[in-house]
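Following the working numbering, the residues of the sequence shown are numbered contiguously, the last one being 146. Beta carbons are placed, not taken as given, at the ideal position from N, Cα and C, and that holds for glycine. Here's the structure, in structure tokens; my notes come after.
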Amino acid sequence: MTTTPATGPVDGAQAAERARIDALDARLIGLVRERMEISARVQEARVAAGGRRVHLSREMEILDLYRAELGRPGTELAMTLLGLCRGQSASRTPHPYGA
Numbered sequence: 048m049t050t051t052p053a054t055g056p057v058d059g060a061q062a063a064e065r066a067r068i069d070a071l072d073a074r075l076i077g078l079v080r081e082r083m084e085i086s087a088r089v090q091e092a093r094v095a096a097g098g099r100r101v102h103l104s105r106e107m108e109i110l111d112l113y114r115a116e117l118g119r120p121g122t123e124l125a126m127t128l129l130g131l132c133r134g135q136s137a138s139r140t141p142h143p144y145g146a
């Protein structure tokens, strides 16, 4: 058993599960950044074609999907994700922790 200052004692099984969660978080962050990049390209193309940057009916479809799959917390997650993707390029978005 090991001890970490912030979380206390951790046995081998807990450490392995935490490592899996950390790996999932890294993958999720990568996927969010990828989504932001793709969204920025879609928005740029839409504006270049004379359209609006934000497509509200599409955002509603996304909100409905997340709500259907994850319930109310899914809607909140989708709102956060959409907010990250609105009008921003992932390459221009500073990371809040400097990474």
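{"Check": "C132 versus R105 - alpha carbon distance", "Outcome": "13 Å"}
{"Check": "Segment contact flag, the region 119–129 with the region 91–111, C-beta cutoff 8 Å, min 3 pairs", "Outcome": "yes"}
{"Check": "CB-CB length for Q90 against R100, believed under 8 Å", "Outcome": "5 Å"}
{"Check": "Cβ shell of R74 (< 7 Å), same chain only, five flanking positions each side left out", "Outcome": "none"}
{"Check": "Neighbour-count burial assignment, A87, 16 or more Cβ in a 10 Å radius", "Outcome": "buried"}
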